[in-house]
C-alpha cells in the first residue's frame, strides 16, 4: 500500500545534519502503525512525506522514493494524493478552513469537485459513522477540543481515503476524548483503512495498533509488534506509558509540614445564563502541587481565570496567611502559565523577559533564576526561538522574578514526550521548594503521579472532590471509559 | 420557530444593496427620498432575528434627523460640533454600517464562498476573503489572551504601561504577528492536504440562487436609488 | 519561481489582511473623537508598517501586495465603508507592488517607499470627514461669521487633503523603517522572517 525506500531528508535552513536518514518502511493495507520516539526524532517528517507536504510545501534536500499503491508520490500533485490520504494535525486551531462544522465536513469533497449528490451521500454517512448529528451547523471555534478533533477526523473521512495520517492528534484531548479517539481509529480499522499515527501519548492506543516503529535521530531504531511493545520498558526508550494501570502516585505525603491552607470563598462566575463556576468555600493545602482535574467544560479554565483575578465579575476572595485577597490583589500574587505560552513572552531576549517582571531590575538575581531553571545558556536568545519546554521555563522564570506566590499551569504537558514531561515535574518541585503553591490543570495521569500531592476535582463548575492523591479515585477518573 | 418567516437574502443581493447604499453617503438627500433606502437595512435586520438592532438603528436615525432639523440651526460653538458629528455620522454612515453588519452577521462563510464562485470571481480573491472571515475570530481570541497575559504581568491600563505606549504596542504586535505567520503556514499545509490546490472548479453543497425575495429587494433598492439619483441630478442641473 | 500565486500565498494574504484591518479598526475607533479623526490615516500609517514589512518577507512575486490591497478594500466595503476603499486600496497597492518589483522584491529602500504608497489607500476611509466637513463649515459660518469661514475654507478643502496625504506618506515611511527594525530585533531572531 505504502512504501518508503531509502528516504533521507534535510529541511532547508537546517544546518545540523539530516532530519531523516535511510528510512525503509512498508505498510500493508489495513494496518495501524504507530510512530513514536522523542520530540524531534523525525515522526512528523515521515508523516509529511506520506501526505505529500514534502515536497509540495516543505522544501529541502530529499533522497529516496515514496510509493503509494506502486506509484511514486513525488510525481503526484498534492490534490491527487489527497484523494487517497487524509491528514489530521495536532493543532485544532489551525487545521480548519471554515467557520461552521458542516462546511468543514464537506470542504475536502468540494475541493475535489465531487457532485452535490455525492457530497450529500458522504456527509450523511460520515455523520452517522461518527455520531455527530448534534455537532452539525455549529461554530467550530465554540466546540471543545475533543469535538474539534472529531470534526477534523470526520471531515477527512468524508473524502473516503484509504489511508489516514495522524500527526499527534491527541495532544489537546482529555482522557475521555482520547478514548473516543480510539473508537474512531477502530472504526477506520474495521473499514479496512490503513492508519499511520505519530504520537507521544500512548495509553489509548494499546488495543488498536498493530505495529510500532520507534525512531531515534531520524532513523528507524526499533520495530515491534504490539504484543512485544506492551512488554518493553517504555521509560528506557523515553516513551510514555501505554498502560496506565501500572501507574501509582509517588507523592502521597504532603510536602509542607505545618499544614497551612489557602481558603477560597465565593468563587462564582456566570456566562450568560449558565453558572460555569460555583464554589462557596473551600480549603486547599498551601505550598503543595495541586492537580485540577475534570472533564472538558467542567469549569477548569474559568476556575484558573478567576483565581488569577482575570474575570472582573467574579467577586471571590482568597484567604492566604490571614490576608483576604480580592481580585486586584490576586493579579499581583498569582500567575498563570498558559497553554499557548507564546502569548506571554513579549521581549527580545530571555534575560529581558525576566528583568521586565522585576520591580527593580537586578541582573544578578535574574541570572540566578535562569541558572536554576537551566536557561542561563539561552539568556540572550529570543524567547520565540526556543522550544516549547524552554518557553515554558522562561514563563516560570518571569513568575519567580515577579515574586508570585501562586502559579497556575494550564495543561503544561500537552504534546510533550517523557523527557520533557519529567522536566516539567522537576520544575514544579523546584517551585515548591521556593514556597510556591502550584495549581495544575491537567489531563496527564503520569504527570499527576510524578508530582502532585493534592487533587481538586471539578464537575459542572462545582468542586465535587478535594483530596490527598489517591490511586483508586484517580484511576477511576482516568481509566473509566 | 415554526412560525418564523424564512427570511434569507442571497449574498449577492446583500452586496448589491450595500454598494447602492454607498452612494447615499456622498450627498444629503431630502428625508422622504432617502427614507426608502434607509429602511432597507432596518427591514432586513428586523426579519432576521436582529429586532433589537433594527429598533436601535431606527431610533438613532430619527433622533439624528430631528437634531438636524430642529436643533442644529440654533446650535453654536462646541455643542454644534458634537451635534454635527453625531447627527451626520448617524444619518449618512449608519445605514450602510447597519447594512454591513447585516451582511456579515447573517451570511454564512460557505454561502458567501459559493455565491462568489458561482459569479466566477477568481480564486485568488475567494480564498483570501474566506481566510479573512475564518481568522478574525481567532485573532480576537488571541488579542484577549494577550491582554490577560499582560494583566498578569502588571501591564494594563495603568501608569506603568501608559508611560511607554510604544512598548505596549510592541508587546501586542510581536506575539500576534508571530502567531499569524504560524497560522498562515499551518493552515496552508492543512488546506493543501485537503485538496484546495485542485485546479478544477470546486463544487458546493450549499446552493445559492436568487429567489423572489431577492428580486423584490433588488427592485425596491433600484427604485429608491432611481428617485434618489433623479433628485440629485436635478439638484445639480438647477445649481 | 512561478509567477502564479499558490495556495500558501493566498492564505498568507488573507491572514495579513486581517491583521491590518483589525489594526485600522482599533485605531479607527479613536476616529470618532472629532479632532482625532483627521489624524486617523497618520495613526494607521504609523502602526501598519510592522505587519507590512513582515508580510514582505513572504512576498517574492508580483500580485501579492496588490491582492492584499484588494482584499482589505473588499472587507472595508463589506463592513460598511462604501466601495471607495476598494478603489483607493487597489490603486495604491498596485503602485506599491510596481515599486517593489522595480526593486526586485529585495530592495529595502523600495520596500519602505512602497509602504508609504500602500497605506495611502486608507484615504478611502476618510469619507466621513469629507461628509462632515460641509456640515462643520455651515455651523462655523453660523457661529463665527462668513469672513472667518471664507478665509479658512480653502485650506479645509484641497490643501488640507494634500497635507494629509503627504503626512500620511511620511508616517508610512517612518513606520516601515520601524518595521524594518522590529523585523531585525524580533522576527529574524525568532526565526520567522
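Residue numbers (this note's numbering), protein chains in the order written: chain P, 16 to 496; chain R, 695 to 933; chain B, 4 to 196.
No residue lacks a Cβ here, since even glycine has one placed at the ideal position from N, Cα and C.
Any C-beta of chain R under 8 Å from that of residue i
| i | result |
| --- | --- |
| residue 73 of chain B | yes |
| residue 124 of chain B | no |
| residue 54 of chain B | yes |
| residue 164 of chain B | no |
| residue 118 of chain B | no |
| residue 286 of chain P | no |
| residue 195 of chain B | yes |
| residue 91 of chain P | no |
| residue 11 of chain B | yes |
| residue 358 of chain P | yes |
| residue 201 of chain B | The structure shown does not extend to residue 201 of chain B, since chain B is modelled only from 4 through 196, so no value can be given for it. |
| residue 110 of chain P | yes |
| residue 156 of chain P | yes |
8 Å Cβ cutoff, residue i in contact with chain A
| i | result |
| --- | --- |
| residue 176 of chain B | Protein chains P, R and B are contained in the structure displayed, whereas chain A is not. |
One or two residues paired with residue i in a DSSP bridge
| i | result |
| --- | --- |
| residue 469 of chain P | P:305, P:483 |
| residue 335 of chain P | P:338 |
| residue 23 of chain P | P:78 |
| residue 879 of chain R | Beta-bridge pairing links residue 879 of chain R to no other residue. |
| residue 47 of chain P | P:210 |
| residue 300 of chain P | P:276 |
| residue 239 of chain P | P:227 |
| residue 204 of chain P | None; residue 204 of chain P has no bridge partner. |
| residue 179 of chain P | P:101, P:210 |
| residue 351 of chain P | P:423 |
| residue 19 of chain B | According to DSSP, residue 19 of chain B bridges with nothing at all. |
| residue 86 of chain P | P:83 |
Option in the options with minimal Cα separation from residue i
| i | options | result |
| --- | --- | --- |
| residue 54 of chain P | P:252, P:443, P:442, P:352 | P:252 |
| residue 78 of chain P | P:110, P:34, P:105 | P:34 |
| residue 188 of chain B | R:867, R:904, R:778, R:828 | R:867 |
| residue 313 of chain P | P:186, P:480, P:171 | P:480 |
| residue 828 of chain R | P:113, P:171, P:140, P:161 | P:113 |
| residue 463 of chain P | P:478, P:451, P:474, P:493 | P:493 |
| residue 134 of chain P | R:788, R:784, R:873, R:901 | R:901 |
| residue 887 of chain R | P:460, P:64, P:299 | P:64 |
| residue 197 of chain B | B:21, B:66, B:79 | Summary: the structure shown does not reach residue 197 of chain B, with chain B confined to residues 4 through 196, and so no result is reported for it. |
| residue 177 of chain B | B:31, B:52, B:42, B:41 | B:52 |
| residue 141 of chain P | P:310, P:391, P:174 | P:174 |
| residue 447 of chain P | P:473, P:131, P:270 | P:270 |
| residue 38 of chain P | P:74, P:49, P:81, P:70 | P:81 |
| residue 879 of chain R | B:196, B:186, B:192 | B:196 |
| residue 432 of chain P | P:166, P:165, P:215 | P:215 |
| residue 27 of chain P | P:75, P:16, P:45, P:18 | P:75 |
Min CB distance residue i to chain B below 8 Å
| i | result |
| --- | --- |
| residue 400 of chain P | yes |
| residue 275 of chain P | no |
| residue 737 of chain R | no |
| residue 750 of chain R | no |
| residue 95 of chain P | no |
| residue 807 of chain R | no |
| residue 825 of chain R | yes |
Residue i beta carbon near the ligand ATP (any heavy atom closer than 7 Å)
| i | result |
| --- | --- |
| residue 75 of chain P | The ligand content of the structure shown is nil, which means the ligand ATP is not present either. |
Neighbour flag for residue i against chain P, beta carbons, 8 Å
| i | result |
| --- | --- |
| residue 5 of chain B | Confidence in residue 5 of chain B is poor, its pLDDT being 49 and thus under 50, which makes the residue's placement too unreliable to answer from. |
| residue 697 of chain R | Residue placement at residue 697 of chain R is poorly supported in this model, since its pLDDT is 38, which falls under 50; the coordinates are not used for a value here. |
| residue 192 of chain B | yes |
| residue 843 of chain R | yes |
| request: With 7 Å as the limit, tell me which residues of the segment 84-105 of chain B have their beta carbon closer than that to any beta carbon of chain R; keep them in chain order. | output: 85, 86
| task | Pick out the complete alpha helix (DSSP H) segments inside the segment 37-93 of chain B, 4 residues or longer, and give them in chain order. | result | 39-59, 67-81
| task | Taking only runs that begin and end inside the segment 732-811 of chain R, name each unbroken alpha helix (DSSP H) of 4 or more residues, in chain order. | result | 745-760, 771-782, 788-800
| request: Can you give me, in chain order, the residues of the segment 791-803 of chain R that have a beta carbon less than 8 Å from any beta carbon in chain B? | output: 791, 792, 793, 794, 795, 797, 798
| Near-chain P residues of the segment 178-190 of chain B (beta-carbon distance less than 8 Å), N- to C-terminal order | 188, 189
| Of all the residues that make up the segment 869-883 of chain R, which are near chain P by a beta-carbon distance shorter than 8 Å? | 869, 872, 873, 876, 877, 880, 881, 882, 883
| message | Can you pull out the residues from the segment 375-396 of chain P whose beta carbon lies closer than 7 Å to at least one beta carbon of chain R? | response | none
| Contact residues within the segment 119-145 of chain P, judged by C-beta distance below 8 Å to chain R | 121, 122, 123, 124, 125, 126, 127, 128, 129, 130, 131, 134, 135, 138
| query | If contact means a Cβ-Cβ distance below 9 Å, which residues of the segment 920-932 of chain R contact chain B? | reply | none
| task | For the segment 882-907 of chain R, enumerate the residues whose C-beta is nearer than 9 Å to any C-beta of chain P, in chain order. | result | 882, 883, 884, 885, 886, 887, 888, 889, 890, 891, 892, 893, 894, 895, 896, 897, 898, 899, 900, 901
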